[in-house]
Amino acid sequence: MSIPFSLDNGIAAKAAIGVVVLEKDETLEPELRSVFADDGVAIYHSRIPSDDEISPDTLNAMAVEMPRALRLLPTARPLDVVAYACTSASTVIGQARVAAMINEAHPSAAATDPITAVIAACRHLGLKRIGLLTPYAREVSAAMQALLEGAGLTITGFASFEQSKDPVVARIAPESVRQAICQLASSADVDGVFASCTNLQTFSILDAAEAEIGKPVVSSNAALAWHMRRHAGLGPLLNAPGALLKS
Numbered sequence: 024m025s026i027p028f029s030l031d032n033g034i035a036a037k038a039a040i041g042v043v044v045l046e047k048d049e050t051l052e053p054e055l056r057s058v059f060a061d062d063g064v065a066i067y068h069s070r071i072p073s074d075d076e077i078s079p080d081t082l083n084a085m086a087v088e089m090p091r092a093l094r095l096l097p098t099a100r101p102l103d104v105v106a107y108a109c110t111s112a113s114t115v116i117g118q119a120r121v122a123a124m125i126n127e128a129h130p131s132a133a134a135t136d137p138i139t140a141v142i143a144a145c146r147h148l149g150l151k152r153i154g155l156l157t158p159y160a161r162e163v164s165a166a167m168q169a170l171l172e173g174a175g176l177t178i179t180g181f182a183s184f185e186q187s188k189d190p191v192v193a194r195i196a197p198e199s200v201r202q203a204i205c206q207l208a209s210s211a212d213v214d215g216v217f218a219s220c221t222n223l224q225t226f227s228i229l230d231a232a233e234a235e236i237g238k239p240v241v242s243s244n245a246a247l248a249w250h251m252r253r254h255a256g257l258g259p260l261l262n263a264p265g266a267l268l269k270s
């Protein structure tokens, strides 16, 4: 028996967003889920092989895997935005190269990544002097600091958990992140604080940290979510964590 049916515009009638997530990332998807619950908005994930060790060599190695991961995102409905969700790898591989790979696979999509999103977020919020908090070993943090300063930001304070293992980063307690943000803000003259890494848990403490320091706190996941929503033409979220996503 053949049954008739009708068609609609699909689950992504308003916006379709693609995200390439690291194999080892345990935090990004649960945090993004809370800020992409809009009707008619769909967020699709593709995993990319990644190493437990966070180093310039392992981060650079992901560039080889990127085209395949991008091709695994759905294309029946053209994606509005595609993001490569690794702050440190986008720094090491290079923003322009990441964007070029995204645009080659998805020509009609806006391309972004966390470090590009953070720079845009700082400009949007008027932050010029920032405190930088990372979980990374020194070499990776230094590359990120140089990139941010090259984009016109001044790093007036820096702190790191100095971890090179991604599974450890995913398990740094949010309270430890909050304390580090507040300590960094109190020890340096900053307009706000950037907490780097998509695997770092931040959404549950952004509001508390901002209330304590009286300044914006931008995390990789908050910046990426804000930038993707902006590219997709989606509005602010009044119940979202942190000032950025509410703006």
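Heads up: the sequence shown begins at 24 in the working numbering, then just goes up one per residue.
Glycine residues also receive a C-beta, built at the ideal position from the N, C-alpha and C atoms.
What's the C-alpha gap between residue i and residue j?
i, j, result
"Phe-28", "Ile-178", "58 Å"
"Glu-88", "Met-24", "45 Å"
"Ser-164", "Ser-183", "8 Å"
"Ile-204", "Ala-245", "15 Å"
"Ala-234", "Ala-208", "12 Å"
"Thr-225", "Val-200", "7 Å"
"Met-85", "Tyr-159", "17 Å"
"Asn-83", "Ile-26", "51 Å"
"Val-58", "Leu-257", "11 Å"
"Val-240", "Leu-51", "17 Å"
"Ser-243", "Leu-30", "38 Å"
For residue i, count neighbouring C-beta atoms within 10 Å of its own C-beta (all shown protein chains included) and say buried if the count is 16 or more, exposed if not.
i, result
"Ile-138", "buried"
"Ser-219", "buried"
"Arg-252", "buried"
"Asp-48", "buried"
"Leu-247", "buried"
With a cut-off of 8 Å on the beta carbons, I'd call residue i and residue j a contact; round off their distance for me.
i, j, result
"Ser-113", "Asp-80", "Not really, about 16 Å apart at Cβ, beyond 8 Å."
"Ser-70", "Ala-92", "Note on identity: in this sequence residue 70 is Arg, with Ser being the wrong assignment. So it is a contact: roughly 7 Å between Cβ atoms."
Please work out which residues of its chain come closer than 7 Å, Cβ to Cβ, to residue i, disregarding the five sequence neighbours upstream and downstream, and give them in chain order.
i, result
"Arg-100", "Gly-33, Ala-35 and Ala-39"
"Asp-212", "Arg-152 and Thr-179"
"Ala-143", "His-250"
"Leu-229", "Val-240, Ser-242, Ala-245, Pro-264 and Gly-265"
With a CB to CB cut of under 6 Å and the five nearest residues on each side skipped, what residues in its chain are close to residue i?
i, result
"Ala-133", "Val-104 and His-254"
"Val-121", "Tyr-107, Ser-113 and Asp-136"
Who are the Cβ neighbours of residue i in its own chain at under 8 Å, not counting the five residues just before and after it?
i, result
"His-129", "Gly-41, Leu-93, Leu-96, Thr-98, Pro-101, Leu-102 and Val-105"
"Ser-227", "Pro-197 and Pro-264"
Any idea which residues DSSP pairs residue i with across the strands?
i, result
"Glu-76", "Lys-188"
"Leu-55", "Note: Leu-55 sits in no beta bridge, so no partner."
"His-68", "Val-42"
"Phe-181", "Leu-155"
"Ser-242", "Ala-218"
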